[in-house]
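Engineer: Let me give you the structure first, and then I'll get to my questions.
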Amino acid sequence: MRLISLKLRNFKGIKNLDLKANGHDLNVYGDNATGKTTILDAFMWLLFDKDSQNRADFAIKTLDKDGEPIHHLDHEVTGVFFDEVDGERIELRKVYREKWTKRRGSATDEFTGHETDHYIDGVPVKKSEYTQRVAEIAPEDRFKLLASPLFFNDHMKWQDRRELLIEIAGDVTMDDIITANPDLKELPTILGKHSPDDYKAIIMVRRAEVNKELERIPIRIDEVSRHQPDVEGIDPDQLEQQSKELMAEQAELKRELADLMSSGNQSKIRQQIAEIDAKMLGIETDYKRKHNQQVSDLERQTTLLQAKVAETSNAISRKEQEINEQKQNAERAEKLIADLRAKWHEINSRRFDAQVEDVCPTCGQALPPERVQEAVDKAASEFNLRKAEDLAQVSAEGKAAKDRLDIIQANIASLESELVQLKEHLSELLAQGTDLAKQLTQAKVGADAYMEQEDYKQLVAEKEQLLQALDGDQSAIRPKIDELEAKIKGIEGQLAELQNAKAKWELYQSIDRRIAELQAQESELAKEFEKLERELYLIEEYIKTKAELLTDKINSKFRLAEFKLFETQINGGINPICETTYKGVPWGSLNSAGKVQVGLDIIRTLQEHYQFRPPVWIDNRESIVELPKLDCQVISLIVSEKDKTLRVEPAGDAAEQETLFEEAV
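Heads up, the sequence shown stops at 1197 in our numbering, and the numbers go up one at a time, no gaps.
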């Protein structure tokens, strides 16, 4: 697209100006405040209702010597363009005027506002039709992107710049990355349907969970170990052997006792009594064996349950501490968000207050209104830019704080859910403990309950009858009988001790198995943690490789400009950015000439990408010695102190340009 001509009438102090470009490059010379920038403002207003600083509320009307608008003037701009793609010529015209209305009963007109008339090829059209026709040529942002060397870096968000560069160069595929770094060949299988960023987030969460579990297991092992009994000196094989030997000895003593009681006078009665005693002893022994086993089992269950209660209580305490810590983190995050919100509103409430000098510091004379307005406009632009940057920074910090708060609140909800489960589990354990305690009390109380059994009572009654039939001979063997009965009772005590030792050994083995289970769980978690670390490493390598490939691919599209698309954090992670550089110098540190040259290099690539080449406007062109060669029309605005009025000249070989343009037309 080429500019044929641009006509200004009563536009920002320019009464009449007919800029004839005829489709070729132009140099516009003029001292400061002679209207060079006004030409660019008129061009932008004609197309987009904004000036060259992207302002829609700038002053268009011509002012008198007192700085007041001159009324009843039409302010108009007419532009003639040639579309090289479609081979069409189009004329656009806009007229901005005051509206004066004579109200009923009044003899004079009253100013009631402004209106703008729109024309395409001389035909009046509605504003919507006019806007639609301009948009068909190119959307506003795209037009400015391809016409202004500074628009890409000064008026686009870095995220939009980065997205546009990737669109131009094409993104880097997983296959490209694996080809560059074969160590990543297993990454697609690891990722599955997840993106690298999503899977990295999943890994970070799971890794934190695994790490917490690994920290807790030694504590749980220590808690279980505290309840493990001392079994030093206990040999389970010897316990069994000793029990067999004592039971054999007891049986022998009982036989000896039975023989003793069946000897002497009335041997038949004593034999019957001995048989009854043997039966009674059998009932007693069988009952006490079962009873002791029951008591031992209940005591073992109680000990194990107490260990579980202690472990669960400790887990509840730790969980409550974690919740309190997370709630404190949430309060800090909420306060930070509130502070950032207040800071955002404070920044947003800032209003521009123009404070510029309107008197020449050298001669003391009042500066021309145009000079004062330029200073005000520049100050306003800088103020708005700083304000926008501050708001963007606070918004980014607020979003990051909100993300952190969401994660903390999710952790709190998860921890509280786990705490409820732990407390429910503790209640169940305590209920089980109460039930076991009742069973154990009842069991201990019933140690002599065998005496209430019907078969035992019957034997007691039979023995009593037989004893009544005995005479004095029974008293002669009483000492020996008492001795044997004492030995038998002593063996019963030893058997009870062996049974207790056996129960202690069983408890020791049970706790030992629990410790082995926890150690096995720790080993599995360690393996999982190692696997997560490797997967995280592969994703980081993927991001680094992609960063290098994407950067090289994009930079290959430009001759001067280079782009830094990623930055490495202190922790080794990589963040996406988009920073324009030239020979290692960031855009913000380049001088005006460097920015224009780099901006033109960017425009050249973008125009090739979009296949649309509007006129490129270069303000403050005097600072640039040589321009990069562009395949489009270039209009340079050059400060020239000697030119007190605007001077327009063709740039370069005007005749050659004219011939080429005429051939294109």
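Built from N, CA and C at the ideal position, the CB exists for glycine as well. Since the structure is predicted, the reported quantities are computational estimates derived from the model, not experimental observations.
How far does the beta strand (DSSP E) with V666 in it extend, from its first residue to its last?
Structural biologist: Where V666 is concerned, there is no enclosing beta strand (DSSP E), although the alpha helix (DSSP H) it sits in stretches over K659 to I669.
Engineer: Give me, in chain order, the residues of the same chain whose beta-carbon lies closer than 6 Å to that of F590; leave out the 5 immediate sequence neighbours on both sides.
Structural biologist: Contacts found: D583.
Engineer: Excluding the five sequence neighbours on either side, which residues of its own chain have a C-beta within less than 8 Å of the C-beta of D1014, listed in chain order?
Structural biologist: So the list is empty, once near-sequence residues are dropped.
Engineer: Hey, how far is the Cα of T1077 from the Cα of G702?
Structural biologist: Answer to the nearest angstrom: the Cα atoms are 16 Å apart.
Engineer: For S680, which three-state DSSP category applies?
Structural biologist: If DSSP states are grouped into helix, strand and coil, S680 belongs with coil.
Engineer: Below 6 Å CB to CB, which residues in the same chain sit around D649 once its five sequence neighbours on both sides are set aside?
Structural biologist: Contacts found: V627.
Engineer: If you pair each beta-carbon of the stretch 1148–1166 with each one of the stretch 676–686, do three or more pairs fall below 8 Å?
Structural biologist: Flag = yes, the stretch 1148–1166 and the stretch 676–686 touch.
Engineer: Is the stretch 950–964 in contact with the stretch 893–903, if contact means three or more CB pairs nearer than 8 Å?
Structural biologist: Output reads no: the stretch 893–903 does not touch the stretch 950–964.
Engineer: Can you check the stretch 726–773 for any alpha helix (DSSP H) of at least 4 residues that lies completely inside it and give the ranges in chain order?
Structural biologist: Complete alpha helix (DSSP H) runs here, min 4: 728–758.
Engineer: Give me the DSSP bridge partner(s) of R629.
Structural biologist: BP columns for R629 point to E647.
Engineer: Roughly how many angstroms separate the alpha carbons of E956 and E950, rounded to a whole number?
Structural biologist: Going from the Cα of E956 to the Cα of E950 covers about 10 Å.
Engineer: In terms of residue numbering, what span does the alpha helix (DSSP H) encompassing V904 cover?
Structural biologist: Per DSSP, V904 belongs to the alpha helix (DSSP H) from P901 to V977.
Engineer: For H607, which beta-bridge partners are listed by DSSP?
Structural biologist: Looking at the DSSP assignment, H607 forms a beta bridge with Y628.
Engineer: For K497 and S757, I'd like the C-alpha separation in whole angstroms.
Structural biologist: Since the first and last residues shown for the chain are 533 and 1197, residue 497 lies out of range.
Engineer: Could you tell me whether the stretch 565–580 touches the stretch 635–642, using the rule of 3 or more Cβ pairs below 8 Å?
Structural biologist: Output reads no: the stretch 635–642 does not touch the stretch 565–580.
Engineer: What residue range does the alpha helix (DSSP H) around D708 cover?
Structural biologist: Start and end: M706 to A712.
Engineer: Answer yes or no: do A847 and L723 have a C-beta to C-beta separation smaller than 8 Å?
Structural biologist: No, Cβ-Cβ distance for A847 and L723 is not below 8 Å.
Engineer: Would you list the one or two residues that DSSP bridges to V1180?
Structural biologist: Answer is V560, bridged to V1180.
Engineer: Quick one: Cα of L991 to Cα of Q985, how far?
Structural biologist: The straight-line gap from Cα to Cα measures roughly 10 Å.
Engineer: In angstroms with no decimal places, state the Cα-to-Cα distance between A920 and D692.
Structural biologist: Taking the straight line from one Cα to the other gives about 16 Å.
Engineer: Is DSSP giving T817 helix, strand or coil here?
Structural biologist: Three-state DSSP puts T817 in a helix.
Engineer: Give the secondary structure of I1109 by DSSP, where H, G and I count as helix, E and B as strand, and everything else as coil.
Structural biologist: Residue state, collapsed to three classes: strand.
Engineer: Do D708 and L1081 have their C-beta atoms closer together than 8 Å?
Structural biologist: Contact: yes.
Engineer: Ordered along the chain, which non-local residues of its own chain (more than five positions away) have a Cβ less than 6 Å from that of G611?
Structural biologist: Taken in chain order, the residues that qualify are L538, L578 and L624.
Engineer: Helix, strand or coil: how does DSSP classify A1079 here?
Structural biologist: Residue state, collapsed to three classes: helix.
Engineer: Using only the alpha-carbon positions, how far apart do N1152 and G1126 sit?
Structural biologist: Going from the Cα of N1152 to the Cα of G1126 covers about 12 Å.
Engineer: What does V1148 pair with, by DSSP beta-bridge criteria?
Structural biologist: Paired residue(s): V1166.
Engineer: Kindly indicate which three-state DSSP category S537 falls into: helix, strand or coil?
Structural biologist: Here S537 sits in strand by DSSP.
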